[in-house]
Amino acid sequence: MTWVSVVQLGSGADRGANLEAIEKSLRTAAGAGSAFAFLPEASIYRGPYDPAYVEADDGPALRRIAGLARELRLAVVLGGAWTPSGDAAHAYNSCLVFDRSGRIAARYRKVHLFRLDRTDEPADDEAAFTAPGDDTAVVRAGDITLGLSICYDLRFPALYRNLAAAGATVLSVPANFSAYTGPAHWEALLRARAIENLCYVLAPAQIGTDSTGFSAYGHSLVVDPWGTVVARADDAPAVLTVDLDPEAVRVRRNELRSLQHDRPDVYAHPARIEELDG
């Protein structure tokens, strides 16, 4: 059994205030006995792109989180932060996993970049300031194997099948999910990813409207391997602490062997196109 905490934040452009909120949440998680704390996307800074807020591993905000992980003996999954890509105009959106010594033990750079085009409104286009990653990652951690992703990745089920095939039993989906799409899509997609892959899904989220006018949906969730929501937040800051049972994943995968019935050899070929009125 592994206790974990899923953190919901209302981060903004004030990095100092954000880091104070992060520290408070991590101390709450540690006090609850959690081995892991999961922070949402854009935890350190949520606002207009600014190269000054792109941090290498030894940057001040990342050092502070590393120090908290070390002090609290708590593994921390920082859901998304800008890290250098080699192009000052386009940073990576990176999920960083800190171990209990404060070391960055794993990283994942967001592969799918969000874009939303609504009539008569400027496009929300993450690619305007973000470089896409080009690989996937899982983290072995005792009784669980953690598959990493970020927010908009949620809409691409092949990514999560890739993670499950690599051994993931828990899927991490830190998010700054749009309040426009969230009411219709957020819970449905998270439950679908859990059901498809017979995995736990942990989804820490942002709330509120940032200084660019982007509004986040919140409603952080924990979903079990059968698709049942076992913990949820509303639209306020929160720390959800739950106990993950690796045996639940094993039992469900033994009952329903869909992961073993995948046919990637078939899916690799384009679908045959037939004409009804040929």
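For reference, each letter of the sequence shown is one residue, going -3 to 274 in the working numbering. Backbone N, C-alpha and C define an ideal beta-carbon position, used for all residues, glycine too. Predicted model, so just to flag it, every value in this text is computed and none were measured.
query	result
Output the distance between the C-alpha atoms of L217 and A227, rounded to the nearest integer angstrom.	6 Å
Could you tell me the distance, in whole angstroms, from the CA atom of A71 to the CA atom of A38?	18 Å
Okay, do the segment 192 to 206 and the segment 159 to 173 touch, 3+ Cβ pairs below 8 Å being the bar?	yes
Using the rule of at least 16 other Cβ atoms within 10 Å of the residue's Cβ for burial, across every protein chain shown, is I269 buried or exposed?	exposed
Grouping DSSP H, G and I as helix and E and B as strand, with all else coil, what is P36?	strand
Does V135 pass the burial test, meaning 16 or more other C-beta atoms within 10 Å, or should it be called exposed?	buried
How is the beta strand (DSSP E) around V50 delimited, first residue to last?	Element bounds for V50: n/a, residue is neither H nor E.
Should L5 and P36 be called a contact, given that it needs their Cβ atoms to be closer than 7 Å?	yes
S207 and A9 - do their beta-carbons sit closer together than 7 Å?	yes
So I61 is in the alpha helix (DSSP H); what residue range does that whole segment cover?	P56 to L68
Go ahead and label N172 buried or exposed: buried means 16 or more other beta carbons lie within 10 angstroms of its beta carbon, across all protein chains shown.	buried
Does the segment 138 to 148 come into contact with the segment 171 to 185, if we say contact requires no fewer than three beta-carbon pairs (one atom in each stretch) closer than 8 Å?	yes
Determine the extent of the alpha helix (DSSP H) in which W222 is found, giving its start and end residues.	Counting along the chain, W222 falls outside any alpha helix (DSSP H), and DSSP gives it neither H nor E.
Roughly how many angstroms separate the alpha carbons of E19 and L64, rounded to a whole number?	7 Å
Please check the pair Y104 and S90, which I expect to be a contact at CB under 8 Å, by giving their CB distance rounded to whole angstroms.	7 Å
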